[in-house]
Structure formats: C-alpha cells, structure tokens
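**Q**
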Amino acid sequence: MFGENLDRIVAAIEKNYEADEIFFTKPGRRFPSRAAVKNVLKTLRRVLFPGYFGPEMLSGAASPGYFIGSTLIEVERELRDQIVLALTYTSDDPDACCPPEDIQKRADEIMAAFFEELPNIQRVLLTDVQALFDGDPAAGSKEEVIFTYPGLYAIYVYRVAHVLFEQKVPIIPRVMTELAHSGTGIDIGAGATIGEYFFIDHGTGVVIGETTEIGDHVKIYQGVTLGALSTRGGQRLAGVKRHPTIGDNVTIYSNASVLGGETVVGEGSVIAGSTFVTFSVPPHSRVSVKDQEITVRQPGERD
9 MFGENLDRIV AAIEKNYEAD EIFFTKPGRR FPSRAAVKNV LKTLRRVLFP
59 GYFGPEMLSG AASPGYFIGS TLIEVERELR DQIVLALTYT SDDPDACCPP
109 EDIQKRADEI MAAFFEELPN IQRVLLTDVQ ALFDGDPAAG SKEEVIFTYP
159 GLYAIYVYRV AHVLFEQKVP IIPRVMTELA HSGTGIDIGA GATIGEYFFI
209 DHGTGVVIGE TTEIGDHVKI YQGVTLGALS TRGGQRLAGV KRHPTIGDNV
259 TIYSNASVLG GETVVGEGSV IAGSTFVTFS VPPHSRVSVK DQEITVRQPG
309 ERD
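For the sequence shown, this note's numbering puts the final residue at 311, and the numbers step up evenly by one.
#1: Does the beta-carbon of residue 220 have 16 or more other beta-carbons within 10 angstroms, so that it is buried, or is it exposed?
#2: So, for residue 223: in the same chain, excluding its five sequence neighbours on each side, which residues have a beta-carbon less than 8 angstroms away from its beta-carbon?
#3: Quick one: what's got a C-beta closer than 6 angstroms to residue 284's C-beta in the same chain, skipping five residues either side?
#4: Helix, strand or coil for residue 234 per DSSP?
#5: What's the C-alpha gap between residue 44 and residue 63?
#6: Nearest to residue 157 by alpha carbon, out of 117, 120, 188?
#7: Considering only the alpha carbon of each residue, which of 192, 247, 26, 178 lies closest to residue 91?
#8: Which ranges does the beta strand (DSSP E) cover as unbroken runs of at least 3 residues, wholly within the stretch 50–95, from first to last along the chain?
#9: So, at 6 angstroms on beta carbons, what are the nonlocal neighbours of residue 271 in its own chain, with the 5 sequence-adjacent residues on each side left out?
#10: Just checking my contact of residue 213 with residue 193 at CB under 8 angstroms: how many whole Å lie between their CB atoms?
#11: Taking all protein chains shown into account, do 16 or more other C-beta atoms lie within 10 angstroms of the C-beta of residue 149, making it buried, or fewer, making it exposed?
#12: Rounded to whole angstroms, what is the Cα-Cα separation between residue 88 and residue 145?
#13: Do residue 86 and residue 47 count as a contact pair if the criterion is CB distance below 8 angstroms?
#14: Considering only their Cβ atoms, is the gap separating residue 133 from residue 159 smaller than 8 angstroms?
#15: What are the partner residues of residue 267, as DSSP defines its beta bridges?
#16: Taking buried to mean at least 16 other C-beta atoms within 10 Å of its own C-beta, is residue 207 buried or exposed?
#17: For residue 219, report the span of its alpha helix (DSSP H) as first-last.
#18: Please state the DSSP three-state secondary structure of residue 303.
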C-alpha cells in the first residue's frame, strides 16, 4: 500500500514546501548550527572559568594570556560564522547567494562589542558565584558552585546571550537560552535585565520572561515564574513590557508566580512560596497566602 501511495504523498509534501516557513530552496539561507552555538558556550566557559571545564593548567610556567588569546580566537571564528548565518537568514535580500558586505560589516561590529563586554560578563558572573555560595548552606565551596550548580550555568548562558540580544543578533540568543533551558529546566529570556549577585537555587521550573527587570542581590527558588498576565495579544505584544520588575534584595520562594508588566516588587520584599502576585508590592513587604487549609485524612476516615 505504501508503494502505491508514495507518489501522491511525495507530491503533497512537495506542495507544502511552498510555505514561507520552508526555506531550504532559497539560495544563501541556512539556520545557524545548534551544535556550533553549543560549542561556543562550552569553549567560552573555559575562558571565564579556567581549569573547571577543560584540560588547561595555568599555574607555574603556563601563560594564562596565551590560553585566553588562543581560545578567544577559536570562539570568535566559530561565533562569527553563526552570526553571519543568522544575519543572512533574516536579511531583506531574498536572493542573497553569499553574505553581502553590509552583513560582514555588521558581524564585525557585533563581535567587537561582544568581546569588549567579556571582562564585565566574567566580573558579574563571579558575583553570582558569591551569591550562590553565600545563600546556600549546602554549598561546600565556591569551586563546587562553579563546577556543579545548574543555576549558575543557566545564569552564565543568559549573561552571554543577553549581550548578543542587546546587539540585536537574531536567533542565536534564543538558541543559547533554550540550550540552557533543556539542560537545567531554567528558562531565562535573553532580553531580561538582571543585576549582580543573582541567586537561583535548585532551579528546575524557573521561568523569567523576556522583559523582566531584576535588581541586585535577588534570590529565586525552584518553580518561580516571572511572567506575563496574558499573551493572547500574540505578536502585537512584541517589544511591550509584559513581565514584572523585581527590586534589589528581593527573595521569591518556590512555585510563586509574579505576573504583569506593570507589577513591581519593591526592594527588600519577600514573596512566599505558592503565591500568585499580579499587583505591585511596596518595598520591604511580606507577601504570603492567608487561611490556606491543609486537611489530612487517615485510611478509612470519611469526609
């Protein structure tokens, strides 16, 4: 039966190839490689946290400068190729058969801005390491935090992706954050603005929306959602602030949801677990669930 119907099935699928979403027949268009983007993150992490994720030994006669320079050259080459692919894919020139000069020039600008920001990314990540160590009594050392904590990995990927997002690089920032999401269960939009000393403990199920603003010294636990009240507006909401603003020194406990672009949680506030917050909270507030009743029935007991 399959052989008899194959020609008809092939023709139907080929007809669907005319849809805009199917672009493989368009010359010069190719998605960036997820594997290459993943490798960029892997290689760059060796520079920012040397000795943890690679074979490099930088003590004694070894030169950190040589290691940093040679590794960044490797990162630059691979990341540039992916950025050119992303820019070409979103180019207004439908007949582009090779990257035109303006795309190469824009890639140059992006790469220059990105690498200028790397020392600051590393500096801020070290504050995140300190926040995780200070805030988690189970942390044996800061080295353990760097080497094992999924929250730090998700924050690392976000901080790298955010710089590219700010440079308006298409596709790649989302690829980066989704790689972290799939590996850690932590979903941080690359467009979010997050301050220093950021703490995510346990992490699974954390969602931080694209237009979220988070201050310094903020702690977030597993299952927290910083989201939108509604996305039924679809693409009309693109670029609109639809996620909350979280002030400095705020703690949000597990499974709490803070929603809405006009929602502001004032500095020093504490949001209890399993709360649902859709309104602004003054500084130094305590938000909790009131009159929550828990009933326990023993086997054989009736309601």
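In this text, a Cβ means the ideal position worked out from N, Cα and C, and glycines have one as well.
**A** Straight from the coordinates:
#1: buried
#2: 203, 254, 255, 256, 257, 258, 275
#3: 265
#4: strand
#5: 20 angstroms
#6: 188
#7: 178
#8: none
#9: 252, 288
#10: 6 angstroms
#11: exposed
#12: 41 angstroms
#13: yes
#14: no
#15: 235
#16: buried
#17: Counting along the chain, residue 219 falls outside any alpha helix (DSSP H), and DSSP gives it neither H nor E.
#18: Residue confidence for residue 303 is low, a pLDDT of 46 falling below 50, so the modelled location carries little weight and cannot support an answer.
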